[in-house]
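Structure record follows, encoded as structure tokens.
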Amino acid sequence: PPPSSAAVPPSLPPYFIKGSIIQLADGELKRVEDLKTEDFIQSAEISSELKIDSSTVERIEGSHTSPNVAVVQFSVGEHRAQVSVEVMVEYPFFVFGQGWSSCCPDRTTQLLELPCTKLSVGDVCISLTLKNLR
Amino acid sequence: NVEPRSVPVFPWHSLVPFLAPTQSD
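Chains as they are written, first to last, in my numbering: chain A, 2 to 135; chain B, 211 to 235.
Below, the structure is given as structure tokens:
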């Protein structure tokens with residue numbers, strides 16, 4: 002039988018569970034719920050491969066495949082490239098200056114115990130791209 | 211061999227979605 006240590010669905014990564022230990026690029030360890038916008042920005046500055054991009058939420062829709070799945074459309078970076086991602090409604094994104102947000106914060110808090118606000122159109126999320134695309 | 215169980219540590223970038231914009235030029 003599968004381990005019964007957590008009630009987290011297999012589709013949700015374990016690092017979003019409250020109390021998970023996250024290592025920043027400078028080696029500092031923080032709990033996932035304690036992360037701040039600056040932690041991501043500073044880690045990306047240290048990184049030789051990754052850079053932070055701003056991804057603005059343009060649309061949030063339900064999925065045709067499952068009631069627990071949402072399709073979030075982002076406008077990414079200065080070129081405003083349109084990117085859609087299909088995620089579980091409880092999947093948290095980090096909003097600049099605000100913190101963790103999801104399409105269904107009640108489920109996120111229930112499943113992960115991660116303090117979370119409602120992800121809304123217009124929110125600017127932290128995302129990553131490669132530094133050297135050329 | 212039984213490996214000691216330690217607290218997992220996750221890299222910061224695993225928490226951030228990788229949204230690579232499509233390059234049109």
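From the three backbone atoms N, C-alpha and C, an ideal C-beta is built for every residue, glycine too.
{"Check": "When you compare each of A:N69, A:S56, A:P68, A:R60 to S76 of chain A by their alpha carbons, which one comes out closest?", "Outcome": "A:S56"}
{"Check": "P106 of chain A by DSSP, collapsed to three states: which one?", "Outcome": "helix"}
{"Check": "In the DSSP assignment, find the unbroken beta strand (DSSP E) run with I47 of chain A in it and report its ends.", "Outcome": "Looking at the DSSP string, I47 of chain A is not in any beta strand (DSSP E); the run it does join, the alpha helix (DSSP H), is 38-47."}
{"Check": "State the Cα-Cα distance for the pair F97 of chain A and R60 of chain A, rounded to the nearest angstrom.", "Outcome": "18 Å"}
{"Check": "Find the residues of chain A that neighbour S224 of chain B, judging by a C-beta separation of less than 9 Å, and give them in chain order.", "Outcome": "P14, Y16, I23"}
{"Check": "Assuming V58 of chain A contacts L115 of chain A (C-beta within less than 8 Å), just tell me the rounded distance between them.", "Outcome": "Actually they do not touch by this definition, with Cβ atoms about 19 Å apart."}
{"Check": "Quick check: the Cα distance between D107 of chain A and K52 of chain A, rounded to an integer number of angstroms?", "Outcome": "31 Å"}
{"Check": "Who are the Cβ neighbours of L30 of chain A in its own chain at under 8 Å, not counting the five residues just before and after it?", "Outcome": "I22, I23, Q24"}
{"Check": "Does V84 of chain A have its Cβ less than 8 Å from a Cβ in chain B?", "Outcome": "yes"}
{"Check": "DSSP three-state call for V88 of chain A: helix, strand or coil?", "Outcome": "strand"}
{"Check": "Give me the Cα-Cα distance between V86 of chain A and R215 of chain B, rounded to the nearest whole angstrom.", "Outcome": "34 Å"}
{"Check": "How about C117 of chain A and T110 of chain A: do their beta carbons lie closer than 8 Å?", "Outcome": "yes"}
{"Check": "Could you check how far apart the C-beta atoms of L229 of chain B and D124 of chain A are, in whole angstroms? I think they sit under 8 Å.", "Outcome": "The pair is not a contact, with the Cβ atoms about 14 Å apart (cut-off 8 Å)."}
{"Check": "Once you ignore the five residues that flank V72 of chain A on each side, which residues in its own chain have a CB closer than 7 Å to its CB?", "Outcome": "E62, S64, S85, E87"}
{"Check": "Can you confirm whether L30 of chain A, when its beta carbon is compared against all beta carbons of chain B, has any partner nearer than 8 Å?", "Outcome": "yes"}
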